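Notes for the one structure printed next.
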């Protein structure tokens with residue numbers, strides 16, 4: 472990811488010059504911050520998908536005990 476850091480910063484500066492994004496964005500709202508933490512963003516999204524699938528599986532079971540002999 473380090474090889475893209477200069478490219479990302481250059482692109483981000485171009486967006487600021489074109490006023491697509493403001494100059495006063497704090498560090499957590501910048502494109503470079505997102506790109507630097509892309510693995511974290513991917514992991515969070517994947518975690519939500521897995522939890523949703525697990526919830527769907529759990530909802531398919533009858534936990535009332537009706538299926539006990």
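Residue numbers (my numbering): 472 to 540.
The C-beta atom is built at its ideal place from N, Cα and C for all residues, glycine as well.
Everything numeric in this text was worked out from a predicted model, so none of it was measured.
- Among 501, 520, 491, nearest to residue 480 - alpha-carbon criterion: To locate residue 480, count along the chain shown from 1; it is residue 9. Nearest neighbour of residue 480 by Cα position, chosen from 501, 520, 491, turns out to be 501.
- Item | Separation of residue 491 from residue 506, as counted between CA atoms | Start at 1 with the first residue of the chain shown, and residue 506 comes out as number 35. Start at 1 with the first residue of the chain shown, and residue 491 comes out as number 20. The C-alpha of residue 491 is placed about 18 Å away from the C-alpha of residue 506.
- Message: So, at 8 Å on beta carbons, what are the nonlocal neighbours of residue 475 in its own chain, with the 5 sequence-adjacent residues on each side left out?
- Response: What you label residue 475 is simply residue 4 of the chain shown in a count that begins at 1. Close CB contacts of residue 475 within its chain, under the 8 Å cut and outside five residues either way in sequence, are with 506 (chain order).
- Item | alpha helix (DSSP H) segments (min. 4 residues) lying fully within the region 491-518 | Runs found: 502-507.
- Query: Looking at residue 483 and residue 503, is the spacing between their C-beta atoms short of 8 Å?
  - Reply: Against the chain shown, residue 503 aligns to sequence position 32. Against the chain shown, residue 483 aligns to sequence position 12. Yes, Cβ-Cβ distance for residue 503 and residue 483 is below 8 Å.
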